[in-house]
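Here our numbering is used: position 84 in the sequence shown is 176, and no number is missing along the way. C-beta atoms are modelled at their ideal positions from N, C-alpha and C, and glycine is treated no differently.
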Amino acid sequence: MPTPSLRELLDVAADAAYLAGRRTLAYFNTGVEVETKADDTPVTRADREAEQLIRDLIAERYPHHAVVGEEGGETAGDPDHKWIIDPIDGTKSFIHGVPMYGVMVGVEVRGEPAVGAVYLPGTDELVAAATGLGVTHNGRP
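Structure follows, in structure tokens:
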């Protein structure tokens with residue numbers, strides 16, 4: 093299986109963050125049910141659905157890559173490519189109707205941070221970066 097380029101990984105990370113963020117908006121400010129995880133932090137259906145959407149997109153493109161998600165734990169895979177997911181960073185803000193939360197998707201390549209994308213649904217902003225490729229904000233450098 094060919095090694096994906098950082099550009100390819102970045103495109104998938106950015107798409108996944110954006111699509112998952114759009115999904116969270118269906119639950120934003122709706123009084124979505126809140127559960128408490130074992131570590132005493134909140135989690136909602138929006139967190140779980142957003143993470144599953146991201147995992148599905150990754151598995152579709154890179155079924156052998158490892159994935160670590162805040163809600164779903166770790167899925168073993170290629171140790172050279174590990175995806176890290178925080179489906180809603182700022183769950184407390186999300187729960188209270190404060191639009192300052194984000195969806196984060198990153199990729200480690202051979203143990204080093206290489207790609208990151210953050211989508212802020214409340215402001216419709218996407219920030220994405222990859223080693224050697226620079227940073228974009230809503231698609232612009």
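Per DSSP, residue 156 has no beta-bridge partner at all. Under the DSSP definition of a beta bridge, residue 129 lacks any partner. Judged by DSSP secondary structure, residue 221 falls within the beta strand (DSSP E) whose first and last residues are 217 to 222. Following the DSSP letters along the chain, one finds residue 118 in no beta strand (DSSP E), marked with neither H nor E. Residue 190 counts as exposed, since fewer than 16 other C-beta atoms from the protein chains shown sit within 10 angstroms of its C-beta.
Per DSSP, residue 183 is one residue of the alpha helix (DSSP H) stretching across 183 to 187.
The criterion of a C-beta distance shorter than 8 Å is not satisfied by residue 218 and residue 108.
Residue nearest to residue 192 within the set 213, 140 and 125 is 213 (criterion: CA-CA distance). Look at the beta carbons and you see the stretch 95 to 104 not touching the stretch 115 to 131: under three pairs across the two are nearer than 8 Å. Under the Cβ criterion (8 Å, minimum of three pairs), the stretch 165 to 173 counts as touching the stretch 194 to 203. Ranked by Cα distance from residue 146, the options 178, 129 and 188 are led by 178. Take the alpha-carbon of residue 166 and the one of residue 144: they are about 13 Å apart. A direct Cα-Cα distance of roughly 14 Å separates residue 139 from residue 188.
When the alpha-carbon of residue 113 is set against those of 102, 104, 211 and 197, the nearest one is in 211.
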